[in-house]
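Below, the structure is given as structure tokens:
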């Protein structure tokens, strides 16, 4: 949240560096919101894992996937490329609300900074820090590879690469 004013201020230069189009500054801002919501969503995932609620976590992740699919197509149709990031932001927000409800119904607590500082912060920090760094490294490396492919070849090559990557990462 501290970086949000800087992202708004520098969204045009960031868009011109990443997309070669300063007109896509709104996409940069929405992407930042999605990254923030994804981090908050990862916090709730870590909280469910810390409570050893694997069943609830798998239910949440399944519903999160369905919500992402359900929002992706309409937003993609209405807003084109920006719609994908908007759909991811909306589904992340929905997953956060769902996690909050699950944790409250199961444990009658509302996860907050005060609660976590008092009871679980040290445990979650060690566990969550590794998850956050792994997710950040994975996201940034995927983004970097995508940018390199688009700049070196073209966007259709990026689509082929992403399809091959998805097939290659299917668990066997």
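Numbering (the numbering used here), first residue to last: 1 to 172. Every residue, glycine too, gets a C-beta built ideally from N, C-alpha and C. Predicted model, so just to flag it, every value in this text is computed and none were measured.
Let's test the definition: count the other Cβ atoms within 10 Å of the Cβ of residue 14 and tell me whether it reaches 16, buried, or not, exposed. The residue labelled residue 14 in the question sits at position 14 within the chain shown. Buried: at least 16 other Cβ atoms inside 10 Å.
Quick check on the burial criterion: 16 or more other C-beta atoms within 10 angstroms. Buried or exposed for residue 41? Taking the chain shown and counting its residues from 1, one reaches residue 41 at position 41. The residue is buried, with at least 16 neighbouring Cβ atoms inside 10 Å.
Count the other CB atoms, across all protein chains shown, that sit within 10 Å of the CB of residue 52; report buried if there are 16 or more and exposed otherwise. Here residue 52 corresponds to residue number 52 of the chain shown, with the count starting at 1. With fewer than 16 Cβ atoms within 10 Å of its Cβ, residue 52 is classed as exposed.
Segment limits, alpha helix (DSSP H) that includes residue 154: Within the chain shown, residue 154 is the residue found at index 154, counting from 1. No alpha helix (DSSP H) contains residue 154, which DSSP labels as neither H nor E.
Specify whether the region 91–105 and the region 59–67 touch according to this definition: at least 3 beta carbon pairs, one from each stretch, less than 8 Å apart. yes
Of all Cβ atoms in chain B, is any one closer than 7 Å to the Cβ of residue 13? No chain B appears in the structure shown, which is made up of a single protein chain.
One question on the structure: do residue 89 and residue 33 come within less than 7 Å of each other, judged by their Cβ atoms? Looking up residue 89 in the chain shown gives position 89. Looking up residue 33 in the chain shown gives position 33. In this structure, the beta-carbon distance from residue 89 to residue 33 falls below 7 Å.
N- and C-terminal bounds of the alpha helix (DSSP H) containing residue 32: For the purposes of this step, residue 32 is taken as the residue at position 32 of the chain shown. Counting along the chain, the alpha helix (DSSP H) containing residue 32 begins and ends at 25–50.
Identify whether residue 4 lies in helix, strand or coil by the three-state DSSP scheme. For the purposes of this step, residue 4 is taken as residue 4 along the chain shown, with counting starting at 1. Residue state, collapsed to three classes: helix.
How about residue 31 and residue 85: do their beta carbons lie closer than 7 Å? Mapped onto the chain shown, residue 31 falls at position 31. Mapped onto the chain shown, residue 85 falls at position 85. Contact: yes.
Pick out whichever of 165, 7, 44, 35 has its Cα sitting closest to the Cα of residue 26. Position 26 of the chain shown, counted from the start, is the residue given in the question as residue 26. With distances taken between Cα atoms, residue 26 lies closest to 7.
Status (buried if at least 16 other CB within 10 Å, exposed otherwise) for residue 28: The sequence position of residue 28 within the chain shown is 28, counting from 1. Taking every protein chain shown into account, the CB of residue 28 has 16 or more other CB atoms within 10 angstroms, so this residue is buried.
Thinking residue 68 and residue 46 are a contact (beta carbons under 8 Å), I'd like their distance in whole angstroms, please. Locating residue 68 in the chain shown gives position 68, where the first residue counts as 1. Locating residue 46 in the chain shown gives position 46, where the first residue counts as 1. Contact doesn't hold; Cβ gap of about 20 Å is too wide.
Just to check my reading of the structure: residue 106 and residue 56 have Cβ atoms closer than 8 Å, yes? What is that Cβ distance to the nearest angstrom? Translated into positions along the chain shown, residue 106 becomes position 106. Translated into positions along the chain shown, residue 56 becomes position 56. Their Cβ separation, rounded to whole angstroms, is 7 Å, which keeps residue 106 and residue 56 in contact under 8 Å.
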